[in-house]
Every structure is written in C-alpha cells, then in structure tokens.
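In what follows, a single structure is set out as structure tokens and then discussed.
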Amino acid sequence: MKQINEAFKMHQNETIDQWIWDGESIVDIENFSASQKLCMLNLVEQHFSQGWPESVPEDYRGWVFGPVYGKGDDCPEGFKRMLHILAIDQAGKALTLQGVCDLYHGADGYKIVVTTAPNAMAMAEEYCAVANA
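This is how it looks when you write it as structure tokens:
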C-alpha cells in the first residue's frame, strides 16, 4: 500500500496539472483521480482537457464529431455524437470522453468511457466516414 501511496503523492507546491502519467495503465489515471477526490470527468475537464495525446496515435488525437442523427423533416436540428480518445495504455485500453449535443437546444452531455483501443479507433473512423460522406 505504501508503494501505491508514493506513486500518487505530490510535492508540497505541485498542482494536479503537473502530474505525469507514465502510460502504463488507465487504472493509474483512475487511481490518481480518486486520490485527488475527483471524479474522472472532473479530472479531465478541469485539469487534463487534452488528455495524454502522446499516448494516442496522431491520426486519432483531438475531438472527432459524428454525423447528425434524429433529424426529421419537421425538425431543424438533431443530435451529434462526439468522441475524444484521451489516452491509450500499454495494455491496449483506451480512456475516452464521449458526448452528445442536442443541436436544437444547444445542450450537451459527456461521460468518461474505458474501452479497448481498437474499439475507440473504430468508433473514430466510423464517425469520420459517416460525417464526411
């Protein structure tokens, strides 16, 4: 237990933003978030909004926007899905920020989802393919 505590101990003047993830496991990010008494969504939104891009293949970095769906003939807008692959660990797990935006009301919602790297990249490719069609 002491070893785990040492891994998340921060120096007196260090801020959460200065924490460096070693890329080994998504679980380490989850544990760090818990050690700071933050939910994963707050950790990402408040301190690591770009995620850990060095762990993500360049073609999959940043936000990917899917197609608009739920748009009817009498409806001016619909819903748009969004995906940001935040990190990929050495075991092939991906930490993603997934969201949906109601274009009519201008409201959006997000959640953190842990999935496999191939699944996250396939989702990004699907969003790009449909949005660019």
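Position in the sequence shown (first residue = 1) + 1173 = the working numbering. In this text, a Cβ means the ideal position worked out from N, Cα and C, and glycines have one as well. Since the model is a prediction, treat every value here as computed from it, not as a measurement.
Per-residue DSSP class, three states only, for residue i
i: Cys1274; result: strand
i: Pro1240; result: strand
i: Phe1252; result: strand
i: Val1229; result: coil
i: Ser1222; result: coil
i: Leu1216; result: helix
i: Ile1202; result: helix
i: Glu1299; result: helix
i: Gln1209; result: coil
i: Ile1193; result: coil
i: Met1294; result: helix
Pick from the options that is closest to residue i, judged by C-alpha positions
i: Phe1238; options: Asp1281, Gly1282, His1257 and Val1217; result: His1257
i: Asp1190; options: Tyr1277, Lys1210 and Val1217; result: Val1217
i: Pro1230; options: Ser1198, Ala1293 and Cys1274; result: Ala1293
i: Leu1214; options: Pro1240, Leu1259 and Trp1194; result: Leu1259
i: Thr1289; options: Phe1221, Leu1268, Ala1302 and Glu1299; result: Leu1268
i: Ser1228; options: Gly1279, Ala1264, Gln1209 and Ala1295; result: Ala1264
i: Gly1196; options: Ala1302, Val1303, Gly1224 and His1278; result: Gly1224
i: Val1200; options: Gln1209, Lys1266 and Gln1219; result: Lys1266
Bridge-paired residues (DSSP) for residue i
i: Ile1258; result: Thr1269
i: Tyr1283; result: Gly1272
i: Thr1289; result: Lys1266
Residue i and residue j closer than 7 Å at C-beta
i: Arg1254; j: Val1273; result: yes
i: Asp1262; j: Ser1206; result: no
i: Gln1271; j: Val1287; result: no
i: Glu1250; j: Leu1276; result: yes
i: Ile1202; j: Trp1194; result: yes
i: Tyr1233; j: Ala1297; result: yes
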